[in-house]
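To start, the structure itself, in structure tokens.
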Amino acid sequence: MSAHHDHRASTALPLINSGSGSGERAAASGPPLRSKLAAALAVLACAACCALPLLIGAGLLTGAGAALAEQALLAIAGVLIAVAAAMWWLYRRASRRRAVAAGSCGCGGGCGC
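This note's numbering puts the first residue of the sequence shown at 94, with every later residue one more than the last.
The structure is reproduced here in structure tokens:
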């Protein structure tokens with residue numbers, strides 16, 4: 094017999110008690126996962142754009158194809174960064190509204206403003 098430990102339980106975010114009886118995941122100080130994913134895809138598009146000279150040198154891509162791919166990848170990266178920023182902004186806006194509705198000032202400092 095082997096001792097098998099379930100590691101999923103140890104990696105879960107702690108639950109906080111919001112006073113209403115329903116447990117919510119602790120709010121991270123960073124952006125939400127969907128925003129991080131969009132930003133990671135933008136970085137991947139930028140990395141692919143930087144790899145274009147290597148593809149030309151390897152003979153896998155022509156100069157005209159690389160020019161077209163470069164423009165497309167830069168446009169995709171720009172759109173993904175804008176989407177990530179918009180999702181982060183909407184998340185912050187919604188979390189501040191929830192904090193104000195719960196009776197907090199939303200600044201996180203406990204200032205009582």
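Ideal Cβ placement from N, Cα and C applies to all residues, glycine included.
Is any heavy atom of the ligand MG found at a distance shorter than 8 angstroms from the C-beta of residue i?
i      : result
Val193 : The ligand MG is not among the ligands present in this structure, which contains no ligands whatsoever.
So which of the options has the shortest CA-CA distance to residue i?
i      : options                           : result
Leu126 : Trp181, Gly156 and Gln164         : Trp181
Ala140 : Ala187, Ala192, Ala162 and Tyr184 : Ala162
Ser128 : Ala195, Arg191, Tyr184 and Val193 : Tyr184
Gly158 : Cys142, Arg191 and Ala170         : Cys142
Pro124 : Gly171, Thr155, Gln164 and Ala187 : Ala187
Arg160 : Leu145, Ile169, Val172 and Val176 : The sequence given here has Ala at residue 160, not Arg. Closest by alpha carbon: Leu145.
Round the Cβ separation of residue i and residue j to the nearest angstrom and send it over; I've been treating them as touching at under 8 angstroms.
i      : j      : result
Leu166 : Ala192 : 39 angstroms between Cβ atoms; not a contact.
(request) Say whether the stretch 133-140 touches the stretch 148-164, bearing in mind that this needs 3 or more beta-carbon pairs closer than 8 angstroms, one atom from each stretch. (result) no
(request) Go through the stretch 115-164 residue by residue and report every complete run of the beta strand (DSSP E) that reaches 3 residues or more, in order. (result) 116-118
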